[in-house]
Amino acid sequence: MGDQGIGARVLRKEDKRFLTGKGRYTDDLKLPDMTHAVIVRSPLAHARIASLDVSEAAAAPGVVAVLTGKDMADDGVGGLPCGWFIANKDGSPMNEPPHPPLAADKVRHVGDQVAVVVAETKAQAKAAAAMVEVEYDELDAVVTADQALADGAALVHDEAPGNVVYDWEIGDKAATEEAFAKAAHTVSIDLVNQRLIPNAMEPRAYVGHYNPTEDNYTLYTTSQNPHLIRLLLSAFVMQIPEHKLRVVAPDVGGGFGSKIFHYAEEVIVTWASKKIGRPVKWTAERSESFMSDAHGRDHVSHAELALDADHHFIGLRVATKANLGAYLSTFSTSVPTYLYATLLAGCYKTPAIYAEVKSFFSNTVPVDAYRGAGRPEAAYLLERLVEKAAHELGVDRLELRRKNFIPAESFPYQTPVALAYDVGEYHATLEKALEAIEYAGYAQRRQASEAKGKLRGIGFSTFVEACGIAPSALAGAIGARAGLYESATVRVHPTGSVTVFTGTHSHGQGHETTFAQIVSDRLGVPIENVTIDHGDSANSSFGMGTYGSRSLAVGGSAIANALDKVVEKGRKIAAHLMEASVDDVDFEGGNYKVKGTDKETPFGAVAFTAYVPHNYPIEELEPGLEESAFYDPKNFTYPAGAHACEVEVDPETGQVEVVAIAAADDVGVIINPMIVEGQMHGGLAQGIGQALLERAVYDERGQLMTGSYMFYTMPRAADLPMFRVGNHVSACTHNPLGAKGVGEVGAIGVPPAVINAVVDALRPLGVTDIEMPATPSRVWQAIQDAKTANAAE
Amino acid sequence: MQTFNYHRPSSVADAVAALKAAEEGKLLGGGQSLIPVLKLDMAAPTDVISLADIAELKEIKQEGDTLVVGAAATHADVSASDVVRGHTPALAELAGAIGDPQVRHRGTLGGSVAHAAPAADYPAALIGLKATVQTDRRTIAADDFFQGLFETALEEDELIVAVHFPKAERSAYAKLASPASKYAVVGVMVAKHADGVRVAVTGASPRVFRVEAMEAALNASFAPEALDGITVDSEPLNSDLDGTAAYRAHMVGVMARRAVASASAVSG
Chain A
43 MGDQGIGARV LRKEDKRFLT GKGRYTDDLK LPDMTHAVIV RSPLAHARIA SLDVSEAAAA
103 PGVVAVLTGK DMADDGVGGL PCGWFIANKD GSPMNEPPHP PLAADKVRHV GDQVAVVVAE
163 TKAQAKAAAA MVEVEYDELD AVVTADQALA DGAALVHDEA PGNVVYDWEI GDKAATEEAF
223 AKAAHTVSID LVNQRLIPNA MEPRAYVGHY NPTEDNYTLY TTSQNPHLIR LLLSAFVMQI
283 PEHKLRVVAP DVGGGFGSKI FHYAEEVIVT WASKKIGRPV KWTAERSESF MSDAHGRDHV
343 SHAELALDAD HHFIGLRVAT KANLGAYLST FSTSVPTYLY ATLLAGCYKT PAIYAEVKSF
403 FSNTVPVDAY RGAGRPEAAY LLERLVEKAA HELGVDRLEL RRKNFIPAES FPYQTPVALA
463 YDVGEYHATL EKALEAIEYA GYAQRRQASE AKGKLRGIGF STFVEACGIA PSALAGAIGA
523 RAGLYESATV RVHPTGSVTV FTGTHSHGQG HETTFAQIVS DRLGVPIENV TIDHGDSANS
583 SFGMGTYGSR SLAVGGSAIA NALDKVVEKG RKIAAHLMEA SVDDVDFEGG NYKVKGTDKE
643 TPFGAVAFTA YVPHNYPIEE LEPGLEESAF YDPKNFTYPA GAHACEVEVD PETGQVEVVA
703 IAAADDVGVI INPMIVEGQM HGGLAQGIGQ ALLERAVYDE RGQLMTGSYM FYTMPRAADL
763 PMFRVGNHVS ACTHNPLGAK GVGEVGAIGV PPAVINAVVD ALRPLGVTDI EMPATPSRVW
823 QAIQDAKTAN AAE
Chain B
20 MQTFNYHRPS SVADAVAALK AAEEGKLLGG GQSLIPVLKL DMAAPTDVIS LADIAELKEI
80 KQEGDTLVVG AAATHADVSA SDVVRGHTPA LAELAGAIGD PQVRHRGTLG GSVAHAAPAA
140 DYPAALIGLK ATVQTDRRTI AADDFFQGLF ETALEEDELI VAVHFPKAER SAYAKLASPA
200 SKYAVVGVMV AKHADGVRVA VTGASPRVFR VEAMEAALNA SFAPEALDGI TVDSEPLNSD
260 LDGTAAYRAH MVGVMARRAV ASASAVSG
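As structure tokens, then:
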């Protein structure tokens, strides 16, 4: 089945149901006797709850129950845990205040949960929710780093003095200081990596179902990692024995990170279902998604690069302030630390790096991992800084990069910020990107743009990221409160068809096809005879889920290992059937063959024999053909790439048009090129969205000004050029598939390429910097400011 | 959304009767503004009266030199209409650049005009093109129709039947759209009439307005360069996420020049 195996461009098996509207999403679920929940949310960013009166709402038509934070506390329901511990510079623990699913005494952001109304219909619940009377004593809100970290700032949590979550560092400070002391040149930059709102197409939705006769619970959830949710909800929040809680994540319409985390509403519906003895459904309205899904990014950074006289990078110093919002979301603390600062070497052999990160609380929606999670922040910082260095030194920006790349022959390469890259060919991806963007013809295109009154610019970025999270021992050593292996069970049925149970979860990535291709490749069965089962804790072994581009590199590797076990067991059965020695039996193309003979037995016959063991080595071998594997990766994987972008700027209006994007990425061995291209397209769209369109804006009182699509600009097809995507493959050296991961490369690599292109276009006017998103009014303002500055000179 | 009585009359008279009879009635055109408002519970009418079944409201025709566009004609209808393109191509262009395809296939001329959103495109067309609004009981000059932010001269129970556009010598619309909403950050309709040029601006301030200095300059010379050096006072203009008042003031000039340039390139 080579036409369906690894490397084959087969159509996605799951698309029939998705494209015909037959997906099975959480909100589609209708359980007998089901009720509907509406959450009463805080309209204020920061306030004490002076009084809460639910009596009118409780008496409203159709209302079954109105429950508050006090009810929850009385029932002993705990707070939402943070999954990653970070130590301060001095070794003391981070500040980790409680995160109650329903606010008890105080609200900390617009959208914070205050009460839940459960009614027969959603309309009734919504009407009654408006009758819940809450009196607030409004407090001063803190929104930005400057506000939150100012002396005497209002405290989001009394337990966190100065609103500090942690003050953390990585790298060799002394060595870095020394590099700067002897530097021939230094370059510095101040950057904002703005807050984004993920906006998965399907809003979050949950159904809690308590069964009183069995005393067990089922939670249906729009989650990227149902097993993890089960662990957190059962062991940490509600103290439900794990075998009494089943968590199901059915079809999920996109996540981009925002559905990794354990959310308050998951607790609320599960707990409320037990309280009222009926299933409880909650589905977010879009405006609730804006104010309750974890946001992404929100860094303010200052960075300095030291170079020697030959323009080699000799030191990098970074100080970042990271806004984590009102509470610590599940993996929030890891994003600006181990997923960000460990990537500050990028593709470069900078020998000394020191970074310090101060994360803080604010009266905003919690911030957590969003497509790229820390790595886009690192790539943006480095690649803006490198282009600025090239400009200030008057050298070619591509030459400066090439000179400082870690050469392909230097791998494995230990960076000064903890990571050890296994393999990388950065020169190759850069050359491929230059070819794809047709760099040689750029000067001519620039002239053509000028002739029609437009400013054309070209920008580049190179990046490396860390995926396939993670070796559990390493993750544990740097604060993860979970292992990060993945599990798989391969169940071969008596007739030779296959069901694979995986602990990962597909919410748009096409796992049902990609994983089936691995099975097809290893066992020789057609992908039509393979079902990938994911998302139900009752079926699969415990798995860590899907995020950080880990599903193929870690989950796929677990599947590959389980398949190897199946093949080995089958070899013993086949040897018995063919009366040959096991060592003499090869497996290829779906057939077991005896070396040097024409004897062969198809895989299907072996499977049948395993389940109908009439003629079987029953003394030595158990019947059946089902194998499991847990795979704990030996290292992260390190996808890398080079992106190039050409823009045309209208100097009169400040409008930026992306006229060309080329992305040359090394994502390791590719299973399905079509799916890889699709992932790159999506990532590039989100990356361009960050560069030019998207931003979450709060006013000084903590009101979200961009709480709908009227004001928050999601990228549309018309905002994007045709993508030129290509791949250069250097296989991952330490997993059985050679795969690295592709989910996030676009979102990581492209923002600096776009902004570098915009700055390049505007440079003749004297503009040296522009903030993301480069909106028309910002670009226009930058042009005006440069004109004013030029006039003053 | 609160519950309401839903009506689907098939004549203007029945629609007006239903509106008069309602405790708090709302007319529903394409619903592009009303439905979101209802969903957010920012309005709770007792009665919603759909205009979808009134055939006469959808007509687009030319009567003598006048273009008559029915109130229930969608933006897509106007954009695609040969009658409109033959009479005032700028109006078809404007309609074709409203919102996105979904909005254009639901939203209607009458709905947009009655709603009088500050960044809607049509108000600039009505003022620039010297249109008149025909209702079930009278005609209102566009100049008198738009009175402020979401405010018009319409009475509580009055229904727009059509908008009448006289034929201008030349006209064009240029718009800088909000990247998020696609509403006009600044939209400028320039129209050269026998008795003078009109420059009507939408999106920049709480209500559509004319720029007399530009009109005077264009009356002297209908060319983009005629607008050089003419600035718009930014003080009364909007500042928001899409741009400061200063940006908008500058964009009025840019869009006006672009509209003049394209009006000069085509007749009608």
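In order, the protein sequences belong to chains A and B.
Mapped onto the numbering used here, the consecutive letters of the first sequence carry residue numbers 43 to 835.
Mapped onto the numbering used here, the consecutive letters of the second sequence carry residue numbers 20 to 287.
For glycine and all other residues, C-beta sits at the position ideal for the given N, C-alpha and C.
Classification of residue i by the beta-carbon crowding that lies within 10 angstroms, buried from 16 upward
i               : result
F557 of chain A : buried
Y25 of chain B  : exposed
G89 of chain B  : buried
A836 of chain A : No answer is possible for residue 836 of chain A: it lies beyond the span of chain A, which begins at 43 and ends at 835.
K201 of chain B : buried
L168 of chain B : exposed
F629 of chain A : buried
R267 of chain B : buried
S452 of chain A : exposed
Q281 of chain A : exposed
K131 of chain A : exposed
E75 of chain B  : exposed
N832 of chain A : exposed
Check whether residue i and residue j have beta carbons under 8 Å apart
i               : j               : result
L109 of chain A : V249 of chain A : no
F373 of chain A : W126 of chain A : yes
A336 of chain A : P245 of chain A : no
D154 of chain A : A167 of chain A : no
A161 of chain A : T77 of chain A  : yes
W836 of chain A : V342 of chain A : In the structure displayed, chain A extends from 43 to 835; residue 836 of chain A sits before or after that span and is not available.
G10 of chain A  : P240 of chain A : Look at the range of chain A in this structure, 43 to 835, and you will see that residue 10 of chain A is not part of it.
A31 of chain B  : V180 of chain B : According to the sequence shown, residue 31 of chain B is Val rather than Ala. Yes, these two residues count as a Cβ contact at 8 Å.
L839 of chain A : L440 of chain A : Because chain A here runs from 43 to 835, residue 839 of chain A falls outside it and cannot be looked at.
L145 of chain B : V182 of chain B : yes
V216 of chain B : V230 of chain B : no
S172 of chain B : Q166 of chain B : At residue 172 of chain B the sequence reads Ala, which differs from the Ser that was named. Yes, the Cβ-Cβ distance between A172 of chain B and Q166 of chain B is below 8 Å.
L667 of chain A : V534 of chain A : yes
D155 of chain B : L178 of chain B : yes
N714 of chain A : S599 of chain A : no
V627 of chain A : P536 of chain A : no
H685 of chain A : A795 of chain A : yes
H151 of chain A : G121 of chain A : no
Partner residues on chain B for residue i, Cβ-Cβ distance less than 9 Å
i               : result
V739 of chain A : L260
V735 of chain A : A small fix is needed here, since residue 735 of chain A is Leu in this sequence, not Val. Simply P198, A199.
Neighbour list for residue i in chain B, Cβ cutoff strictly below 7 Å
i               : result
T755 of chain A : P198, A199
M333 of chain A : Those within 7 Å of M333 of chain A in chain B number zero; the least Cβ separation is about 14 Å.
M752 of chain A : A199, S200
Amino acids of chain A, ordered along the chain, whose beta-carbon sits closer than 7 Å to that of residue i
i               : result
V132 of chain B : By Cβ distance, chain A contributes nothing, its closest Cβ being about 20 Å from V132 of chain B, past 7 Å.
M270 of chain B : T695
V273 of chain B : E694, T695
Partner residues on chain A for residue i, Cβ-Cβ distance less than 9 Å
i              : result
T16 of chain B : Nothing about residue 16 of chain B can be read from this structure; chain B reaches only from 20 to 287.
Y25 of chain B : Within chain A, no residue comes near Y25 of chain B; the closest Cβ sits about 16 Å away, beyond 9 Å.
Neighbour list for residue i in chain B, Cβ cutoff strictly below 8 Å
i               : result
M747 of chain A : L260
Under 8 Å by beta carbon: chain A residues contacting residue i
i               : result
L288 of chain B : Examination of residue 288 of chain B is not possible in this model, given that chain B is present from 20 through 287 alone.
Any 3 or more C-beta pairs closer than 8 Å across the stretch 282-299 of chain A and the stretch 574-589 of chain A: yes
Which whole runs of the beta strand (DSSP E) in the stretch 740-769 of chain A are 3 residues long or more, in chain order? 765-769
For the stretch 640-647 of chain A against the stretch 453-473 of chain A, are there 3 or more C-beta pairs whose distance is under 8 Å? no
Any beta strand (DSSP E) of 3 or more consecutive residues that is wholly inside the stretch 631-669 of chain A: 633-636, 642-644
Segments of 4+ residues assigned as alpha helix (DSSP H) that fall wholly inside the stretch 189-253 of chain B: 231-239
Contact between the stretch 119-135 of chain B and the stretch 84-100 of chain B is defined here as three or more beta-carbon pairs at a separation below 8 Å; is this criterion met? By the Cβ test, the stretch 119-135 of chain B is in contact with the stretch 84-100 of chain B, since at least three Cβ pairs between them sit closer than 8 Å.
Note down, one range per segment and in chain order, each alpha helix (DSSP H) of at least 4 residues found wholly within the stretch 419-491 of chain A. Counting only runs of 4 or more, we get 439-446, 468-478.
Count the C-beta pairs between the stretch 417-434 of chain A and the stretch 224-235 of chain A that are closer than 8 Å, then say yes if the count reaches three, no if not. yes
Any contact between the stretch 239-253 of chain B and the stretch 261-276 of chain B? By contact I mean 3 or more CB pairs, one from each, below 8 Å. Result yes; three or more Cβ-Cβ pairs closer than 8 Å.
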